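Taking UniProt numbering, the leading residue of the sequence shown gets 1, the next gets one more, and so forth.
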Amino acid sequence: MEITLDRSIKKPIYKQIAEQIEKGIISGELPSDHPLPPERKLSKKLNVNRSTIVTAYDELQSIGLVVRKKGSGTYISTNIWGLSHKRIPNWERYVEDGSFFPNLPLVQKLRNETQKNKMINLASGELSPELLPSDQLTSILKENPFHEHLGYDHPLGNEGLRETISKHVETYKKMVVRPESILITSGAQQAIHLIVQCLLKPGDTVAIENPSYSFSLPVFQSAGLRTLLLPIDEYGVNPEDIISLQKKHRIRMLFLNPDFQNPTGTKMSLERRKRILELSSEYGFPIIEDDPYSLTSFEGEIGPTLKSMDKSGNVLYISSLSKVVASGLRIGWVIGPHKVIERLSDGKQQVDFGHSIFPQWIAGQFLGSSQFDQHILDLRKQLKERRNVLVSALEILAKNETNFFIPQGGIHLWCKIKQEIDEYKLLEESMKNGVAFVPGNIMGSKMGFVRFTYGRGDKQSIKEGVCRFVRALQSFDRQ
Ligand SMILES: Cc1ncc(COP(=O)(O)O)c(C=O)c1O
Numbered sequence: 001m002e003i004t005l006d007r008s009i010k011k012p013i014y015k016q017i018a019e020q021i022e023k024g025i026i027s028g029e030l031p032s033d034h035p036l037p038p039e040r041k042l043s044k045k046l047n048v049n050r051s052t053i054v055t056a057y058d059e060l061q062s063i064g065l066v067v068r069k070k071g072s073g074t075y076i077s078t079n080i081w082g083l084s085h086k087r088i089p090n091w092e093r094y095v096e097d098g099s100f101f102p103n104l105p106l107v108q109k110l111r112n113e114t115q116k117n118k119m120i121n122l123a124s125g126e127l128s129p130e131l132l133p134s135d136q137l138t139s140i141l142k143e144n145p146f147h148e149h150l151g152y153d154h155p156l157g158n159e160g161l162r163e164t165i166s167k168h169v170e171t172y173k174k175m176v177v178r179p180e181s182i183l184i185t186s187g188a189q190q191a192i193h194l195i196v197q198c199l200l201k202p203g204d205t206v207a208i209e210n211p212s213y214s215f216s217l218p219v220f221q222s223a224g225l226r227t228l229l230l231p232i233d234e235y236g237v238n239p240e241d242i243i244s245l246q247k248k249h250r251i252r253m254l255f256l257n258p259d260f261q262n263p264t265g266t267k268m269s270l271e272r273r274k275r276i277l278e279l280s281s282e283y284g285f286p287i288i289e290d291d292p293y294s295l296t297s298f299e300g301e302i303g304p305t306l307k308s309m310d311k312s313g314n315v316l317y318i319s320s321l322s323k324v325v326a327s328g329l330r331i332g333w334v335i336g337p338h339k340v341i342e343r344l345s346d347g348k349q350q351v352d353f354g355h356s357i358f359p360q361w362i363a364g365q366f367l368g369s370s371q372f373d374q375h376i377l378d379l380r381k382q383l384k385e386r387r388n389v390l391v392s393a394l395e396i397l398a399k400n401e402t403n404f405f406i407p408q409g410g411i412h413l414w415c416k417i418k419q420e421i422d423e424y425k426l427l428e429e430s431m432k433n434g435v436a437f438v439p440g441n442i443m444g445s446k447m448g449f450v451r452f453t454y455g456r457g458d459k460q461s462i463k464e465g466v467c468r469f470v471r472a473l474q475s476f477d478r479q
C-alpha cells in the first residue's frame, strides 16, 4: 500500500504512518497475517528515520493490529476481532499475561497430534471406546425415567449420587463416609484445582511426587506455589525423603497418588503408607490422596487407601470415574472433614454453580447398579491383557534398549530408554512414524523416560505402536 506523508501538518510522522496502515487493515487492503515492509526498507522509501517506523509499528502492536515475529518481521495480526478505531485490545498480550498458566506447548501439540486418525495414541491417559460401559449406560437411559430436579442442585452435588458414592467407597475401599463429607467435582482435576485455590496461598510449599501427573503441575504454578519433589521408587515415595524435605522447608501439603501412580504405575507399600500417615500427624501437614486408579488393580487387591487408615482426619481423598467408567462424564469427588468440604463447595459454587445433573444422575444409576461390579471385573481383565501386550512387545522388540517397571494396575507404563537420548526428538521422530507417547520430562525432572498408556489403544494398535516407536528409537543409532 502507498503511504503519503504531510510534513506541513502538526501530526507526528509516526502517527501518520500508523494511521494509514490501520486504515489499510480496516479496509481489508492489508489482510491478516500479511507482512509489513521491513523497518529499514520503509524508512528509506519514506525518507524518515528507522526509529520513526519502529514507533509506528510499536503503536500498531500496542493496539493489537500487528504482531512482531522474532527474526521474521512484523505481520498483520490474525486475531483482530470487532475492528473499530483504536479500541482493539491487544489480545496477544492478554493471552500471555493471564495469571492462569497455559499447558506446556508440547502438551498442546500432543493433544492436537493425537486427534489425527492415523496416529496410534499411546499418550492420552484415558480408556479406549471399547472399554467404556456404553451399552450399560444406554440401557439405563432406556429403562429408567429421569425425575430429578433441574434447578441448581445441592452445593455438595446430587444427594442421590453422594449416597451411592458413600456406599461405593465403603464396599470397595473400606472407607466409612457420610454423604455430607463428599463433594462432587468435575473430575479429579477440579478437585485438585479447588484444593489448591481454596486451601493454599501463593508462596506455600507443597511436596509432590517426581515424576507426577502432568496436568496438576500448571495448577500449582498458576497458584504461585513452591513445589518440592519427592522421588518415586517401585514402592512409591520414601518417607525418609519427606523427613529430609521437612527439615529444610515447611511442607504445607503433601500430594500423593499411591495406587498405580501416574506415570510410574507403582503402588505404595503398606509400610510406607503407615509411616507417611505418622509423619503427617507428627508434622501436621495434610495429605491429598489422589486415587483415580485403585479399582483397576489387576488382582483385585485395593489399597488400603491412606484415607481408610487415617484415624485423625489428616487425609483429603480424591477419586473419579474417569479411569474406571468414562472420562467424558466428568465425575469426580473429594472426601474430607466437613469444614473443608464446605469451603471447597463454596469455591465450586463460585466457579460453576455445581455439576450438571445429567452426568451425576447417570453416574449414580450405574455406580449403584449390579452391572458396575461386572464392569470392573471385565475392565481389569481387559487392561491386564493390554498391559501384557505392551510388555511383551517391548520385551521382544526393545529388550536391549529399554527398562521398565511392570504395573499391576492402572493404565500407564513408565519406560527408561537405556541410550542417552533427547526424548523430545524421539517423540518427533515417533510421531513421523505415526505413534505418540508422553516424554517423561514433562511429568518431572527425570530425563530419558517415556510414558506409554495401554488403556487408550486396542491390542493390535499397541503392538503396532511399539513397532513404530522402536523404528524411531533405532533410527537414532544410525545417526
Ligand atoms: C493422578 C491423576 N489425578 C487426576 C487426574 C484427572 O482426572 P479426571 O479429572 O479426568 O478425573 C488424572 C488424569 O489423568 C490422573 O492421572
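Even for Gly, the Cβ is constructed at its ideal location relative to N, Cα and C.
Bear in mind that the values here come from a model prediction, so they are computed numbers and not experimental data.
Contact test: residue i Cβ vs ligand 1 heavy atom, cutoff 6 Å
i: residue 152; result: no
i: residue 213; result: yes
i: residue 370; result: no
i: residue 263; result: no
i: residue 189; result: yes
i: residue 486; result: It is not possible to answer for residue 486, since the shown part of the chain is limited to 1 through 479.
i: residue 257; result: yes
i: residue 125; result: yes
i: residue 290; result: yes
i: residue 332; result: yes
i: residue 99; result: no
i: residue 392; result: no
i: residue 27; result: no
i: residue 322; result: yes
Whole-angstrom distance between residue j and residue i, CA atom to CA atom
i: residue 168; j: residue 368; result: 8 Å
i: residue 319; j: residue 244; result: 29 Å
i: residue 177; j: residue 163; result: 9 Å
i: residue 228; j: residue 196; result: 15 Å
i: residue 175; j: residue 443; result: 30 Å
i: residue 469; j: residue 410; result: 22 Å
i: residue 329; j: residue 405; result: 31 Å
i: residue 458; j: residue 392; result: 15 Å
i: residue 399; j: residue 389; result: 14 Å
i: residue 456; j: residue 59; result: 49 Å
i: residue 184; j: residue 474; result: 47 Å
i: residue 89; j: residue 64; result: 6 Å
i: residue 472; j: residue 258; result: 33 Å
i: residue 464; j: residue 416; result: 20 Å
i: residue 23; j: residue 77; result: 14 Å
i: residue 303; j: residue 248; result: 31 Å
i: residue 137; j: residue 263; result: 29 Å
i: residue 30; j: residue 21; result: 8 Å
i: residue 269; j: residue 412; result: 19 Å
i: residue 147; j: residue 160; result: 12 Å
i: residue 322; j: residue 344; result: 20 Å
Residue i CB to nearest heavy atom of ligand 3 below 6 Å
i: residue 454; result: Ligands displayed in this structure: ligand 1; ligand 3 is not among them.
Which of helix, strand or coil DSSP assigns to residue i
i: residue 32; result: coil
i: residue 231; result: strand
i: residue 285; result: coil
i: residue 84; result: Since pLDDT at residue 84 reaches only 49, below the 50 mark, its modelled position is unreliable, and the value read off the structure follows with that caveat. Note: residue 84 maps to coil in three-state DSSP.
i: residue 191; result: helix
i: residue 266; result: coil
i: residue 486; result: Outside the displayed range of the chain (1 to 479) lies residue 486, so it cannot be described from this structure.
i: residue 449; result: strand
i: residue 69; result: strand
i: residue 377; result: helix
i: residue 439; result: strand
i: residue 100; result: coil
i: residue 112; result: helix
i: residue 62; result: helix
i: residue 468; result: helix
i: residue 309; result: helix
i: residue 332; result: strand
i: residue 57; result: helix
i: residue 272; result: helix
Item to check | Contact the region 224-234 vs the region 270-288: 3+ CB pairs below 8 Å | outcome: no
Item to check | Complete runs of the beta strand (DSSP E) confined to the region 338-367 [at least 3 residues] | outcome: none
Next on the checklist: In chain order, what are the residue ranges of uninterrupted beta strand (DSSP E) at least 3 long that sit wholly in the region 145-185?
Outcome noted: Qualifying beta strand (DSSP E) stretches, in chain order: 182-185.
Checklist entry - Is the region 335-345 close to the region 307-324, with three or more CB pairs under 8 Å? => result yes
Item to check | Start-end ranges of the alpha helix (DSSP H) lying completely within the region 382-406, minimum 4 residues | outcome: none
Item to check | Cβ contact (3+ pairs, closer than 8 Å) linking the region 407-424 and the region 448-461 | outcome: yes
Item to check | the region 351-368 / the region 208-217 touching (three or more Cβ pairs under 8 Å) | outcome: no
Checklist entry - Is it true that the region 282-296 meets the region 250-261, where meeting means three or more beta-carbon pairs spaced less than 8 Å apart? => result yes
Item to check | alpha helix (DSSP H) segments (min. 4 residues) lying fully within the region 410-438 | outcome: 423-433
Item to check | Contact between the region 371-386 and the region 340-355 (3+ Cβ pairs under 8 Å) | outcome: Taking a cut-off of 8 Å for Cβ pairs, the region 371-386 and the region 340-355 do not touch, as fewer than three such pairs fall below it.
Next on the checklist: Could you check whether the region 303-312 touches the region 148-159, counting it as contact only if at least three pairs of C-beta atoms, one from each stretch, sit closer than 8 Å?
Outcome noted: no
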